[in-house]
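In our numbering, the protein residues as written are 336 to 637. C-beta: ideal position from N, C-alpha, C; glycine also. Worksheet for the structure shown next.
Here's what the structure looks like:
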């Protein structure tokens, strides 16, 4: 059994048909397309031969489209309108005026840093829509590696498989203490100051937990951890409630500094390495670059 023969129209033939239909003239169509009149005639002739349909009749007033040509023109116009929309969208993307930016971030930055950045970005590039997903740092690494997001922002190691990682301005962890606590009067907090104190900590699985515990390893007794959370937000809120002391990233800590909480430097310094995670070896849009630069500016102010 023989299959139906596939027609082999090319875009140049369709463009010629559209131009002739709109101008009723081979010569005018040639001017519109920037080619010679014989070239347009040949394109129309080849198209008619390919589809086995007469498209135009010659009259004294010029060319007259056949009923088949009128029907075909409607379909061509729908296709060209779609191409026009694609071209406009591509042009706007090139100028950063439209598009969608998918961002993943860990809790601290997502809740206490990025809202201001998002507002600044939207004011600057109102045509670019933003989508923010809050994930654990390890999940951000995996999701960005699978190209589910344009980039991620989290406190992660400097290298990981399937991603490219860039540093943001470095910060240090700080100690959040309830007002009225004895340690609130100290200018700096050291590991020995926290001996026997009720501690609020991020969960064991986190990158931050491991570094905090390592910094406190000089204590001769285990920490009195009274509460753990998967991200730092609840810890700051519980310091406000007076439940304990927390070593927090400076973004979360500054958001909870109030009449109920004082923030003190911690020594030895524990680096808070917030980084940008990109899919490996993928191009970065100008919108993504603009957003990350706003994040860096915000961090420099903390």
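| Check | Outcome |
| --- | --- |
| How long is the line joining the alpha carbons of residue 500 and residue 610, rounded to whole angstroms? | 7 Å |
| Is the region 505-525 close to the region 476-485, with three or more CB pairs under 8 Å? | no |
| Use the C-beta contact count for residue 579: other C-beta atoms within 10 angstroms, 16 or more gives buried, fewer gives exposed. | buried |
| State the DSSP-derived secondary structure class of residue 434, mapped to helix, strand or coil. | strand |
| Is it right to say residue 539 is buried, meaning 16 or more other beta carbons lie within 10 angstroms of its own, or is it exposed? | exposed |
| If we ignore side chains and look at the alpha-carbon of each, how far apart do residue 412 and residue 399 end up? | 18 Å |
| What residues in its chain sit with their C-beta under 6 Å from that of residue 627, if we drop five residues either side in the sequence? | 611 |
| What's the C-alpha gap between residue 622 and residue 566? | 28 Å |
| How far does the beta strand (DSSP E) with residue 629 in it reach, from first residue to last? | Careful: residue 629 lies outside any beta strand (DSSP E), inside the alpha helix (DSSP H) at 621-635. |
| As a quick exercise: from 577, 472, 471 and 484, pick the residue whose alpha carbon is nearest that of residue 465. | 484 |
| When the Cα atoms are used, what is the spatial distance from residue 358 to residue 461? | 39 Å |
| Quick check: residue 542 and residue 491, are their CB atoms within less than 8 Å of each other? | yes |
| Going straight from the alpha carbon of residue 347 to that of residue 613, what length do you get? | 40 Å |
| Pick from 561, 552, 535 and 391: whose alpha carbon is nearest that of residue 510? | 535 |
| What is the DSSP secondary structure of residue 336, reduced to helix, strand or coil? | Confidence in residue 336 is poor, its pLDDT being 46 and thus under 50, which makes the residue's placement too unreliable to answer from. |
| By Cβ distance, which residues of its chain are closer than 8 Å to residue 336, with the 5 residues on each side in sequence left out? | Because residue 336 sits at a pLDDT of 46, beneath the cut-off of 50, its placement in the model cannot be relied upon, and the following sentence gives the value as read from the coordinates. For residue 336, where only same-chain residues beyond five positions count, there are no Cβ hits under 8 Å. |
| Please work out which residues of its chain come closer than 7 Å, Cβ to Cβ, to residue 401, disregarding the five sequence neighbours upstream and downstream, and give them in chain order. | 389, 390, 391 and 392 |
| Out of curiosity, what's the CA-to-CA distance linking residue 659 and residue 354? | The structure shown does not extend to residue 659, since the chain is modelled only from 336 through 637, so no value can be given for it. |
| What did DSSP end up calling residue 400 once you bin it into helix, strand or coil? | strand |
| I'd like the list of long-range same chain contacts for residue 633, defined as Cβ closer than 8 Å, with 5 residues on each side in sequence excluded. | 448, 451 and 452 |
| How far does the beta strand (DSSP E) with residue 563 in it extend, from its first residue to its last? | 559-564 |
| In chain order, what residues of the same chain lie with their CB nearer than 6 Å to the CB of residue 554, ignoring the 5 residues before and after it? | 526 and 530 |
| If I follow the unbroken beta strand (DSSP E) through residue 464, where does it start and stop? | 463-469 |
| Are the beta-carbon atoms of residue 575 and residue 597 separated by less than 8 Å? | no |
| Between the Cα of residue 381 and the Cα atoms of 570, 403, 351 and 394, which residue gives the shortest distance? | 351 |
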